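Protein chains in written order, with my numbering: chain A, 2 to 667; chain B, 177 to 376; chain C, 183 to 340.
The structure appears right after this line, and notes come after that.
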């Protein structure tokens, strides 16, 4: 019954998307109204919501006649994980994708309802519906979650992959990521619409500015939550392994971040039109590429649960998107010449260009490192692995320069800055840099990479604080909101995160002990006393845990858990989090008899909680950036009221504009 | 935008023809990437074990004390094991751990092979794989039987590229590795191979 | 805004403090590496052969534990890092190296990013260079700008 209703929703979504896209495109080409497209478009969110709700009902009822429920449903797991089981495998993830895309389509329909006859919006909707056609088609043909299957009456579901069963972050990480991925569809649709209609000015970009920020915020938070989950669940003491699937989520983040910055240059100066269009298209294309890499099994990854059948579909879709975007940009090349110029390397716009070079280079490194093993094998049969050392050695310098830019860029005015101005504005950030560095060195930080990270973090943090202080001094609490101010809070989040990464990677301690009951191990001034083994069991799992008392205070229970339905043994780490350091315990080995020795791995990572803290700060900053900021005047967004007129008078652009005027007069 | 900005000079940004040729170049790169993703993957999993046909790597070390299969000298301390001393006969090198379910399943077949091997020039040697608890090994052999030497030798696990135990290798009297058994062997597989190669 | 001698001195102080602390912290490192740390560092460089790109340090798989043990044993036996690397490459092939080698086709994976970054920097530099460089304003320009500024201020004040 539920499988029939679910299939009906999928087919409704497919036909409505297809009919809407086709009728809309025909109407727009003929110059007719697009009322019928909008009617079809409204059915898409309804279908997405319907499919989502039906699948959740099926999961809660454990209706094993639905194929997806048979795959991931279980009688024994708690309700919240049954809810989250929807996105624990491919077919259900597609439902989530379609549901979120439907939500964005509805939001676009509502937000722009007053401009229904604008061809730009018409074409954007055609693109959105085209994309939703694809996802509903995936659900209808190669990966149908609602297939009707017959099961024995006593069939008991196995539940999702054990790694996805037991942590609350599982309930939030994928939806956040999808809200981010899918969110980039909206700016992409507007960019394509701008290319088709030839309205290539700043209109489309301003329309979608806020949408991009929101999508970026979700993606950022989703990635951080994923790292957090990996740390809490996977039991190797790390949070980021440069795994292809992680890289796949990082790629659109990098291009998206580049876009968020370069878009400001276009808004203000009308420059970089081709570049911005390319970044938007690349960001969306990379979300599809990421899904392809995750789902096709083409690249080995611990995350990749190969579902070969959708692979070719996703690759064809990726091809359509990239070649279509590149073709459109090439076709419209003549209209994309932009006015305006960069006047000085010491200017806000030049710093955004530098930012784009860095983020572009990093995206290139990540993409290259991810697909290079495939290339090498196709080229001369050599088998390579590209992992952490490669990404670290190239990523570290890029990150350092980025941090430096984060210090300088926020104090730069548009157009041109004088060195005097820079010296004045950067003085307190410079002092803050010395302060943070001195503190780090006194506490005991050593080594070039971590220490320069702390110094630059102080520098960039000082610059961000300067902006926030100036803004709040001028505007009170409104100084926290708006794109620039919220952006500075995001910067602070990045800085906190960077310090967390530097400290937790550079000053990590990782030791393995074999401990008899009652024996104590000592690491870095902490004691770890192994008391005894314990065990508990539920219907779905048997947990063997070691009672370990840290610093004679509290008991922690690193465990090995056997999930009876999957027959899979998973190590469950136990973590004592702290502001300055995390103590991370992994039970490596359990003796067959309870009196035997255990093998206990102790990992100490300083400042790792700063990474999650930084992520939360970034999310808060993004949220604040979405609200309209205080209105500014003048050409310098940072210090309009503090900038003396002389500063503006030196503006060469103004001067050159007047030269032309003068020539015209003469 | 302020009115001033609108009269800003148009400086030479990329010309349309430039944009077109760049777009074409990027398009070609994208096509190459897509082709790579579509056809780039060879059959990775169908490769035979690289040791097959090669001379057997060194397997040597001190067998675990207290096992029936450990040969001892007159003073009762174990004699080091070296596979070179055994080559000339057939040798089965078995990698196992006490925590490995497949190994427990496989064990009776190994016991059967050992008995059969005494009259058929086959000896066995086991190498522990990621199993530091040697007491457990003693209990394992007490319980499951078997009288062959057991070595602790991570080096051998590396040399034989062990990935998923149980794994075993059959070494011919000339020292060549001629068979690789993965995921549990059956006694008759080994017996048939030996019989076939000896022309019996 | 003119820089006073005082602020210049303050900057010099900041710069000296930064450089001093940085060089102190980068040089004052403990160069003696104990075997445990050496093993830890090596564990990070090799891929666990069965677990798709995780490093030996990260993976909980049996083969990763075996390689960790192998590395500890070899270090204890006096092997150099290169010996250990060669032994692992001999068994598992170049795939076991998480850091791609710098010969053969793998050189590309190191060179291409550098090329792309250089090209990016070059394009940006050329863009900025080409469009900047308007000459210093003449007195007449200054006057016109001043007029415009007055005009603009008047508009803003309205």
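Glycine included, every Cβ here is placed at the ideal spot set by N, Cα and C.
A quick note: this is a predicted structure, and the numbers were derived from the prediction, not measured.
Residue i and residue j closer than 9 Å at C-beta
| i | j | result |
| --- | --- | --- |
| residue 21 of chain A | residue 42 of chain A | yes |
| residue 206 of chain A | residue 257 of chain A | no |
| residue 344 of chain B | residue 270 of chain B | yes |
| residue 562 of chain A | residue 533 of chain A | no |
| residue 247 of chain C | residue 260 of chain B | no |
| residue 575 of chain A | residue 595 of chain A | no |
| residue 322 of chain B | residue 304 of chain B | no |
| residue 352 of chain B | residue 225 of chain B | no |
| residue 224 of chain A | residue 180 of chain A | no |
| residue 529 of chain A | residue 502 of chain A | no |
| residue 85 of chain A | residue 187 of chain A | no |
| residue 492 of chain A | residue 360 of chain A | no |
| residue 150 of chain A | residue 66 of chain A | yes |
| residue 469 of chain A | residue 480 of chain A | yes |
| residue 207 of chain C | residue 441 of chain A | yes |
| residue 600 of chain A | residue 166 of chain A | no |
Rounded C-alpha distance that separates residue i from residue j
| i | j | result |
| --- | --- | --- |
| residue 498 of chain A | residue 489 of chain A | 14 Å |
| residue 426 of chain A | residue 464 of chain A | 8 Å |
| residue 317 of chain C | residue 344 of chain A | Its pLDDT being 43, under 50, residue 317 of chain C is placed unreliably in this model, and the value from its coordinates should be taken loosely. Roughly 11 Å between the two C-alpha positions. |
| residue 477 of chain A | residue 467 of chain A | 14 Å |
| residue 475 of chain A | residue 433 of chain A | 22 Å |
| residue 358 of chain B | residue 342 of chain B | 6 Å |
| residue 229 of chain B | residue 310 of chain B | 33 Å |
| residue 284 of chain B | residue 361 of chain B | 10 Å |
| residue 487 of chain A | residue 164 of chain A | 35 Å |
| residue 305 of chain C | residue 416 of chain A | 19 Å |
| residue 581 of chain A | residue 607 of chain A | 6 Å |
| residue 123 of chain A | residue 611 of chain A | 45 Å |
| residue 254 of chain A | residue 291 of chain C | 22 Å |
| residue 640 of chain A | residue 414 of chain A | Here the model assigns residue 640 of chain A a pLDDT of 35, short of 50, so the residue's position is not dependable, and the following value carries that caveat. Each residue's alpha carbon lies about 8 Å from the other. |
| residue 196 of chain B | residue 294 of chain A | 29 Å |
| residue 350 of chain B | residue 525 of chain A | 54 Å |
| residue 408 of chain A | residue 613 of chain A | 22 Å |
| residue 447 of chain A | residue 389 of chain A | 22 Å |
| residue 320 of chain B | residue 326 of chain B | 14 Å |
| residue 217 of chain A | residue 38 of chain A | 28 Å |
| residue 642 of chain A | residue 485 of chain A | Here the model assigns residue 642 of chain A a pLDDT of 33, short of 50, so the residue's position is not dependable, and the following value carries that caveat. Approximately 16 Å, taken between the alpha carbons. |
Continuous alpha helix (DSSP H) stretch holding residue i: start and end
| i | result |
| --- | --- |
| residue 486 of chain A | 484-507 |
| residue 369 of chain A | 349-381 |
| residue 174 of chain A | 174-184 |
| residue 589 of chain A | Here residue 589 of chain A belongs to no alpha helix (DSSP H); instead the beta strand (DSSP E) covers 582-590. |
| residue 372 of chain B | 363-374 |
| residue 3 of chain A | 3-31 |
Segment limits, beta strand (DSSP E) that includes residue i
| i | result |
| --- | --- |
| residue 606 of chain A | 599-607 |
| residue 572 of chain A | 569-573 |
| residue 347 of chain B | 343-347 |
| residue 65 of chain A | Neither: residue 65 of chain A is in no beta strand (DSSP E) and is coded neither H nor E. |
| residue 512 of chain A | 510-516 |
| residue 327 of chain B | 326-328 |
- Specify whether the stretch 103-113 of chain A and the stretch 32-46 of chain A touch according to this definition: at least 3 beta carbon pairs, one from each stretch, less than 8 Å apart. yes
- Message: Does the structure place the stretch 537-547 of chain A close enough to the stretch 268-279 of chain A that three or more beta carbon pairs sit under 8 Å?
- Response: no
- Query: What runs of the beta strand (DSSP E), each 3 residues or longer, lie entirely inside the stretch 520-561 of chain A?
  - Reply: 521-524, 527-538, 542-551, 555-557
- Message: Whether or not the stretch 227-246 of chain A and the stretch 277-289 of chain A are in contact is what I'm after, with contact meaning three or more pairs of Cβ atoms, one per stretch, closer than 8 Å; do they touch?
- Response: no
- Could I get the ranges of all uninterrupted beta strand (DSSP E) runs contained in the stretch 242-297 of chain B, with 3 residues as the minimum, in chain order? 266-272
- Whole alpha helix (DSSP H) runs in the stretch 89-172 of chain A with 4 or more residues, listed along the chain? 91-112, 120-141
- Validate contact between the stretch 200-208 of chain C and the stretch 429-445 of chain A using beta carbons, cut 8 Å, 3 pairs: yes
- Item | Uninterrupted alpha helix (DSSP H) stretches inside the stretch 212-265 of chain C (no shorter than 4 residues) | 217-225, 244-258
- Okay, do the stretch 500-520 of chain A and the stretch 441-459 of chain A touch, 3+ Cβ pairs below 8 Å being the bar? yes
- Query: How do the stretch 216-226 of chain C and the stretch 252-267 of chain C stand: do at least 3 beta-carbon pairs fall below 8 Å, yes or no?
  - Reply: yes
- Message: For the pair the stretch 189-197 of chain C and the stretch 349-360 of chain A, tell me if three or more CB-CB distances fall below 8 Å.
- Response: no
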